[in-house]
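S.K.: Chains as they are written, first to last, in my numbering: chain E, 316 to 441; chain Y, 316 to 441.
For each residue, glycine too, the CB sits at the ideal point set by N, CA and C.
None of the values given here were measured: they were computed from a predicted structure.
Below is the structure I would like to discuss, written out as structure tokens.
Number of protein chains: 2
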Amino acid sequence: MDTIDLDRAFAAITEPWSPRIAGELNGQQVRLARLRGSFVWHHHEHEDEMFLVHRGRFVMEFRDRRVEVRAGQFLIVPRGIEHRPVADDGDAEVILFEPASTLNTGSAPDDPRTIRVPRRLDDAGA
Amino acid sequence: MDTIDLDRAFAAITEPWSPRIAGELNGQQVRLARLRGSFVWHHHEHEDEMFLVHRGRFVMEFRDRRVEVRAGQFLIVPRGIEHRPVADDGDAEVILFEPASTLNTGSAPDDPRTIRVPRRLDDAGA
């Protein structure tokens with residue numbers, strides 16, 4: 316039971332699109348991710364996903380609209396909804412809340428940025 | 316699917332110890348709470364609970380130690396662990412993540428601050 320400091324944690328995460336597990340509760344994980352540029356279009360069949368911006372901003376693209384999410388704001392993407400995060404204005408540091416089972420690329424597992432086993436924040440090589 | 320702005324949301328929450336539901340995902344709720352002074356000692360039998368500080372700071376008291384949690388930091392309290400949040404240095408604005416079933420006072424349901432049905436952020440009277 317230690318506190319996680321988001322500034323310090325994100326400072327150690329340099330690679331984009333590579334979520335790190337910062338906490339677990341009730342079968343859910345808190346993951347920290349650096350967003351840079353455009354991700355892949357995907358959806359999650361069974362998982363809702365929350366994006367809370369710590370620093371920077373990004374645009375969540377949906378097939379029919381775009382939603383900007385800035386520092387201090389969050390957005391929940393319900394299961395089944397296609398989405399694509401795009402950080403075109405510098406990096407966005409984002410806190411994700413989702414089930415431990417969630418694959419980052421969801422329905423697009425062939426994307427090279429797919430991470431099958433996210434690392435923990437305190438793993439060596441952070 | 317709209318963004319929630321934390322500054323704006325907390326500005327509308329004036330009452331302490333009265334969590335407001337700001338989002339739901341995977342059976343969990345995002346609740347926003349203003350902490351002021353000392354809460355009641357309690358635990359949650361089946362629910363882990365996450366406290367992420369948006370503004371201010373508070374101390375989480377455990378039976379054997381105290382942990383300060385400041386803005387930009389979070390702490391996860393596992394189920395079964397007795398705890399008491401104390402905000403003695405001004406209000407703390409805290410984002411809670413917990414199962415929708417979680418009672419704010421947990422094992423101390425007779426505390427007058429018990430809220431059986433938390434209100435939603437967008438309910439009238441915010």
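(1) Applying a beta-carbon distance threshold of less than 8 Å, which residues of chain Y neighbour Gly338(E)?
(2) Determine the extent of the alpha helix (DSSP H) in which Asp404(Y) is found, giving its start and end residues.
(3) Taking 6 Å as the limit between beta carbons, can you name the residues of its chain near Leu367(Y), skipping five residues before and five after?
(4) To the nearest angstrom, how far is the alpha carbon of Phe506(E) from that of Pro427(E)?
(5) In chain order, what residues of the stretch 340-359 of chain Y put their CB closer than 9 Å to some CB of chain E?
(6) Which whole-angstrom value is the C-beta distance of Ala337(Y) and Arg351(Y), which I expect to be below 8 Å?
(7) Output the distance between the C-alpha atoms of Ile328(Y) and Asp425(E), rounded to the nearest integer angstrom.
(8) Decide if Glu330(E) is buried, meaning its Cβ has at least 16 other Cβ atoms within 10 Å, or exposed.
(9) Determine the direct distance from the alpha carbon of His369(E) to that of Arg370(Y), and round the result to whole angstroms.
(10) Count the other C-beta atoms from every protein chain shown that fall within 10 angstroms of the C-beta of Asp437(Y), then say buried if there are 16 or more, exposed otherwise.
(11) Please report how far the alpha carbon of Val374(Y) lies from the alpha carbon of Ala402(Y), in whole angstroms.
(12) List the residues of chain Y that Ile479(E) touches, going by C-beta distances under 8 Å, in chain order.
(13) Classify Glu360(E): buried if its beta carbon has 16 or more other beta carbons within 10 angstroms, exposed otherwise.
(14) Mind checking whether the beta-carbon of Arg381(Y) lies closer than 7 Å to any heavy atom of the ligand ATP?
(15) So Glu362(E) contacts chain Y; which residues on that side make the cut at Cβ distance below 9 Å?
(16) According to DSSP, Phe366(E) sits in a beta bridge with which residue or residues?
(17) Helix, strand or coil for Ala337(E), going by three-state DSSP, please let me know.
(18) With a threshold of 8 Å between beta carbons, is Asp448(Y) in contact with chain E?
(19) From Arg382(E) to Arg380(Y), what does the alpha carbon distance come to, in whole angstroms?
(20) Apply the 10 Å Cβ neighbour rule to Ala326(Y) and answer buried if 16 or more other Cβ atoms are within range, or exposed otherwise.
M.R.: Let's see:
(1) Met365, Phe389, Ile391, listed in chain order.
(2) Where Asp404(Y) is concerned, there is no enclosing alpha helix (DSSP H), although the beta strand (DSSP E) it sits in stretches over 399-414.
(3) The residues are Phe389, Ile410.
(4) Residue 506(E) is absent from the model: chain E starts at 316 and stops at 441.
(5) For the stretch 340-359 of chain Y, which is checked against every Cβ of chain E, the residues closer than 9 Å are Leu340, Asn341, Gly342, Gln343, Val345.
(6) Contact doesn't hold; Cβ gap of about 19 Å is too wide.
(7) A straight-line Cα-Cα distance of about 44 Å links Ile328(Y) and Asp425(E).
(8) Looking at its Cβ environment, which holds fewer than 16 other Cβ atoms inside 10 Å, Glu330(E) is exposed.
(9) Near 13 Å, if we compare the C-alpha coordinates of His369(E) and Arg370(Y).
(10) Counting every other CB atom within 10 Å of its CB across the protein chains shown gives Asp437(Y) a total below 16, marking it as exposed.
(11) Distance between the alpha carbons of Val374(Y) and Ala402(Y): 6 Å.
(12) There is simply no residue 479(E) to check, as chain E begins at 316 and stops at 441 in what is shown.
(13) Classification for Glu360(E): exposed.
(14) In the structure shown, the ligand ATP is absent, as is every other ligand, since no ligand is present at all.
(15) Within 9 Å Cβ-Cβ: Leu340, Asn341.
(16) According to DSSP, which records beta bridges pairwise, Phe366(E) is partnered with Leu390(E), Leu411(E).
(17) Ala337(E) sits in a strand when the DSSP states are folded into three classes.
(18) There is simply no residue 448(Y) to check, as chain Y begins at 316 and stops at 441 in what is shown.
(19) Before going further, note that residue 382(E) is Val rather than Arg in the sequence given. Distance between the alpha carbons of Val382(E) and Arg380(Y) is about 43 Å.
(20) Label assigned to Ala326(Y): exposed.
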